[in-house]
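**Student:**
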Amino acid sequence: MGEWESAMGIMTPDNKTSYHVIGLQPYTVYSFRVMAVNAIGASEPSKESYYMVTLREVPDGKSTITSAVNASSTSIRLKWAPPPANTIHGEFIGYRITYRPRDRPEEREIILRFPALRI
2 MGEWESAMGI MTPDNKTSYH VIGLQPYTVY SFRVMAVNAI GASEPSKESY
52 YMVTLREVPD GKSTITSAVN ASSTSIRLKW APPPANTIHG EFIGYRITYR
102 PRDRPEEREI ILRFPALRI
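Here the sequence shown is numbered in this note's numbering, starting from 2 and rising by one per residue.
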C-alpha cells in the first residue's frame, strides 16, 4: 500500500453513489477510495477498495527485428528485441512469426509460446 496522491482524484458531477471511472490503463491493478465533499471541504477517505484489474487488450507495441542471418541453405536465424513491457496489456505468452517468399503471396506462420503456459 503506497501513498495516495490527492491530485489524482476525480470530482463527480453530482451526489450519486456510483461513478464510471474511465481512461485507465489496460491490464493494470487499481484500488479506490471515496470522500464526501461539501462547500467547506472533504471528509476523511473511505477504506481502500479491494484491488481490481482492468481487462486485457491486444498489444500495441511492436517487436523490432535486430538481425537476420543465413544459417544454412534452408534456414535463416532471426533475432529481435521485445516490445516495451508497458505495451503488452496482458500476460505475455510468446511471439508469432510470419514469413513468405518475396515473389509469392502465400504466407506461413510460426507460433512461439513460453513452455510454462498452457493455452
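Ideal Cβ placement from N, Cα and C applies to all residues, glycine included.
1. Does DSSP put Asn87 in a helix, in a strand, or in coil?
2. Can you round the beta-carbon distance between Val35 and Pro27 to whole angstroms, since I take them to be within the 8 Å contact cut?
3. Excluding the five sequence neighbours on either side, which residues of its own chain have a C-beta within less than 8 Å of the C-beta of Ile120, listed in chain order?
4. Could you have a look at Ile41 and say whether DSSP puts it in helix, strand or coil?
5. On the CB-based measure, 16 or more other CB atoms within 10 Å of its CB, does Ile66 come out buried or exposed?
**Tutor:** In brief:
1. Correct three-state label for Asn87: helix.
2. Actually they are not in contact, since the Cβ atoms of Val35 and Pro27 sit about 24 Å apart, beyond 8 Å.
3. In this predicted model, Ile120 has a pLDDT of only 47, less than 50, meaning its place in the structure is not dependable; the value taken from the coordinates is given anyway. Excluding five sequence positions before and after Ile120, the CB atoms of its chain that fall closer than 8 Å to its own CB belong to Ile94 and Arg114, given in chain order.
4. Coil, per DSSP.
5. Ile66 sits exposed, since fewer than 16 C-beta atoms from the chains shown fall within 10 Å of its C-beta.
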